[in-house]
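Numbering (this note's numbering), first residue to last: 5 to 267.
Idealized CB from N, CA, C, for every residue including glycine.
No experiment lies behind these values; they were computed from the predicted model shown.
Here is the structure we will look at.
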Amino acid sequence: DLSFQLMPPFIAGAEVPNVTARLVDALKFSGIISMTYGVFCFLLPHTPPKANAVEKLAFKKAFSLFTNKSFLVLVLASLGVSVLHQIYFLQTAPFLSFIGIKDSAIGPAMTIGQFAEIATMAYLGYFLKRLGFKKVITIGILAYFARYAIFGTSFLPVWAMVASQAFHGFCFAFFFAAGFIYVDKLADDDVRHSAQTVFGIIIFGGGPVVGGWLSGKLQDIYTTAGIFDYSSFWYTLSAMGLVTGILFLLFFNEQLQEGTNKT
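Written as structure tokens, this is what we have:
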């Protein structure tokens with residue numbers, strides 16, 4: 005098992021018998037933070053819609069982006085990736101517990117992904133400039149393939165499973181963040197916010213719903229005599245990531261002119 009000796013004390017703590025039940029405290033704290041952010045939003049500057057907007061119904065124009073092949077391919081890929089993303093949060097903690105990580109160390113282990121995300125976001129602009137959206141987003145998709153392939157390879161040591169959490173940085177920054185930036189550049193100035201909202205609803209709305217259903221379905225399929233076959237489960241998700249990445253690479257066209265959807 006991993007001891008996480010270098011973790012700061014506010015992240016790693018002693019093992020307690022009712023650690024799972026105390027997740028309720030974490031949810032309460034998250035709820036308080038969410039309400040605080042909500043109240044803060046009321047204090048933001050007033051930004052009414054411009055009277056001279058080209059399209060009065062911005063959502064209508066935002067949905068017209070679906071006539072753009074690149075946007076459509078990105079959205080379809082996003083549906084698949086957001087499913088994989090949701091399952092990561094549903095199944096990774098139980099998986100780490102299954103391979104021997106103490107409950108008190110699961111949080112620190114998964115936090116590696118958040119630290120990697122910060123580091124990757126810091127260099128996202130550099131990679132977008134050097135590689136372009138197509139390659140960067142493809143790398144983000146294939147990061148899901150690589151992480152789940154490692155999860156599924158049961159003979160690998162525990163430290164390799166934990167270290168693979170670093171792929172989360174590429175998963176989030178190279179796909180989700182880069183995707184939002186691409187949509188921002190693709191949409192016209194007067195509907196950029198609405199276009200981002202449409203894209204966000206698809207990613208964080210439809211994907212998680214399907215991901216929750218698929219996670220349960222695959223768990224039923226790969227459970228025999230009460231034993232869950234994690235290896236087959238992760239390999240299935242890894243294959244989904246690989247197929248999604250290949251299809252995106254084949255069909256996404258990055259001929260982009262900033263501020264126009266006539267690509």
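Contact between the segment 218-225 and the segment 186-205 is absent: fewer than three C-beta pairs spanning the two stretches fall below 8 Å. When Cβ pairs closer than 8 Å are counted between the two stretches, the segment 132-147 is seen to touch the segment 177-188, the count reaching three or more.
Here DSSP, grouped into helix, strand and coil, assigns Phe178 to helix.
In the three-state DSSP reduction, Thr51 falls in the coil class, being neither helix nor strand. With three or more CB-CB distances shorter than 8 Å, the segment 239-258 counts as touching the segment 142-153. Closest in C-alpha terms to Pro212, from the list Leu76, His89 and Lys32, comes His89. Under a 10 Å Cβ-count criterion, His50 is classified as exposed, with fewer than 16 other Cβ atoms of the shown protein chains found around its own Cβ. A contact is defined here as three or more CB-CB pairs under 8 Å, and the segment 153-172 fails this definition with respect to the segment 249-257. Here Ala229 is exposed, its C-beta having fewer than 16 other C-beta atoms within 10 Å. Residues Val187 of the same chain have their beta carbon placed closer than 6 Å to that of Phe203, with the five preceding and five following residues left out of the count. Boundaries for Gln169: no alpha helix (DSSP H) harbours it, and the DSSP string shows neither H nor E there. Check the Cα spacing between Ile145 and each of Ala30, Val28 and Phe256: the tightest is with Phe256. Between Leu80 and Ala191, the C-beta gap is not smaller than 8 Å, which leaves the two residues out of contact. For Glu121, the enclosing alpha helix (DSSP H) stretches over residues Asp107 to Ala126. Here Leu48 is exposed: its Cβ has fewer than 16 other Cβ atoms, across all protein chains shown, within 10 Å. According to the DSSP assignment, Pro161 belongs to no alpha helix (DSSP H), since it is labelled neither H nor E.
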